[in-house]
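Take the sequence shown: its position 1, counting from 1, is numbered 1 in the working numbering, and each next residue is one higher.
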Amino acid sequence: MLHHVKDLSPEQRYAAEILLGYPVSEDETLSIRSSGASEIIPSRLSPDERIGALRSLNARLAGPEINAAEEEAAVGEALHSRNYRPTG
1 MLHHVKDLSP EQRYAAEILL GYPVSEDETL SIRSSGASEI IPSRLSPDER
51 IGALRSLNAR LAGPEINAAE EEAAVGEALH SRNYRPTG
């Protein structure tokens, strides 16, 4: 269901802003959709295994830090590769 913000009551607009987490403007259109309850699949991991998996994921995502020079070199290498094609 689509709603134009300009057509909402002050209470409806306030509710939308609370749900979205930011102020909406008069020219915006909101789409509201509900879905049925979904089944939550319980974890097969023990609490300790879940903590270990989370720590492992965090360590993997953290990865090594790259300084600005290394980042610039990687971008330069990508730009000068023979497969690079500008998109603009």
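The beta carbon of each residue, even a glycine, is placed where N, CA and C say it ideally should be.
Taking C-alpha atoms, which residue in E26, D48, S31 lies nearest to L19? If you number the sequence shown from 1, residue 19 lands on position 19. Among E26, D48, S31, the Cα nearest to that of L19 is on S31.
Evaluate contact between the stretch 5–13 and the stretch 27–43, counting only Cβ atoms and requiring at least three cross-stretch pairs below 8 Å. A contact exists between the stretch 5–13 and the stretch 27–43.
Cutting at 6 Å between CB atoms, please list the residues of its own chain near E11, excluding the five before and the five after it. Here residue 11 refers to the residue found at position 11 when the sequence shown is read from its first residue. If we look at E11 and ignore the five residues flanking it on each side, it has no Cβ neighbours.
For R50 versus S56, is the C-beta spacing smaller than 8 Å? Sequence index remark: in the sequence shown, residue 50 carries index 50 (1-based). Sequence index remark: in the sequence shown, residue 56 carries index 56 (1-based). The answer is no: Cβ separation not under 8 Å.
Helix, strand or coil: how does DSSP classify A8 here? Indexing the sequence shown from 1 puts residue 8 at position 8. Checking the displayed sequence, the identity of residue 8 turns out to be Leu instead of Ala. Under the three-state reduction of DSSP output, L8 falls in the coil class, being neither helix nor strand.
A93 and L61 look like a contact to me (Cβ under 8 Å); what is the Cβ gap, rounded to whole Å? Outside the displayed span of the chain (1 to 88) sits residue 93, for which this structure offers no information.
In terms of residues, what are the limits of the beta strand (DSSP E) holding L30? Numbered from 1 along the sequence shown, position 30 holds the residue referred to as residue 30. 29–31 is the span of the beta strand (DSSP E), which, as asked, contains L30.
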